[in-house]
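Numbering (my numbering), first residue to last: 1 to 234.
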């Protein structure tokens, strides 16, 4: 098992936001966690990355307990996050943003960038532009690329479609699908866009007010009447 979460609880002060949830991610899977705004999805993802304190429970990665491991050490193990709202360094160029994520020789940098530019050709065209001049969709592509450039073992993706036009969001979901199915990248995707995320994922979890209420194969969740009524608009 690549990632295993057991009885995870997360609090903000005296308020418990996530209530003892358990789930797992196998190597090569694309897993979705869906739910309404405020359900605890992003909080859970931040805890997995190590930027949100855990109240109780256990997180293991490749059999290693990382529950209280700092974020930078988790990154060294191969965990990367694409944060909500496409965070990047606006005062740096696209190339400089990407270069920050590559360690090693110039040859390694070129190889990684060639792969990124193949996925997102527009970033090659904009490589000398400041990140602040990119459109919202381009900034989202850059945010994903910054996480990918270090060849992660597990990619955590937080609300990737937020703020994007439907056409751009569909393109980003297709890139995530290709990264998983064609490149074998393990992805944990947190999304309010339930249908789009379930369509590209293997399994899913429904998080409601800090509890996992439903779980199963994505195809089963899409046809589940409870999920359809609450999240799919039918």
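We treat Cβ as the ideally placed atom computed from N, Cα and C, and that holds for glycine.
Small disclaimer: the values here were computed from a predicted structure and weren't measured.
For residue 127, the closest of 101, 117, 145, 94 by C-alpha to C-alpha distance is 94. The beta-carbon separation of residue 80 and residue 155, rounded to 6 Å, stays under the 8 Å limit for a contact.
Under DSSP, the beta-bridge partners assigned to residue 24 are 4. Counting the other CB atoms within 10 Å of its CB gives residue 203 a total of 16 or more, which places it among the buried residues. When beta bridges are read from the DSSP output, residue 18 appears opposite 10. Contiguous alpha helix (DSSP H) elements confined to the region 105-183 occur at 106-119, 121-125, 136-148, 166-181, taking only those with 4 or more residues.
Ranked by Cα distance from residue 157, the first of 169, 191, 135, 180 is 191. Counting C-beta atoms within 10 angstroms of its own C-beta, residue 15 has fewer than 16 neighbours from the protein chains shown and is therefore classed as exposed. The region 134-149 makes no contact with the region 53-66; the number of CB pairs closer than 8 Å stays below 3. The C-beta separation of residue 134 from residue 142 comes to about 6 Å, placing the pair in contact by the 8 Å criterion. Contact between residue 189 and residue 30 is confirmed by a C-beta separation of about 7 Å, below the 8 Å threshold. Below 8 Å, enough C-beta pairs join the region 198-217 and the region 17-34 to call them touching: three or more. Nearest neighbour of residue 176 by Cα position, chosen from 1, 19, 28, turns out to be 28.
Scanning the region 187-232 from its first residue to its last, the whole alpha helix (DSSP H) runs of 4-plus residues come out as 194-200, 218-223, 225-231. Secondary structure in the region 17-89: the alpha helix (DSSP H) runs of 4 residues or longer, each lying completely within the stretch, are 41-49, 71-77 in chain order. Between residue 20 and residue 57, the gap from beta carbon to beta carbon is short of 8 Å. A straight line joining the alpha-carbon of residue 152 with that of residue 182 spans about 15 Å. Straight-line measurement puts the Cα of residue 169 at about 15 Å from the Cα of residue 119. With a threshold of 16 other beta carbon atoms within 10 Å, residue 174 falls short and is exposed.
For residue 184, the number of other beta carbons within 10 angstroms of its own is below 16, and it is reported as exposed.
Its Cα nearest to that of residue 77, the residue 48 stands out among 83, 48, 88.
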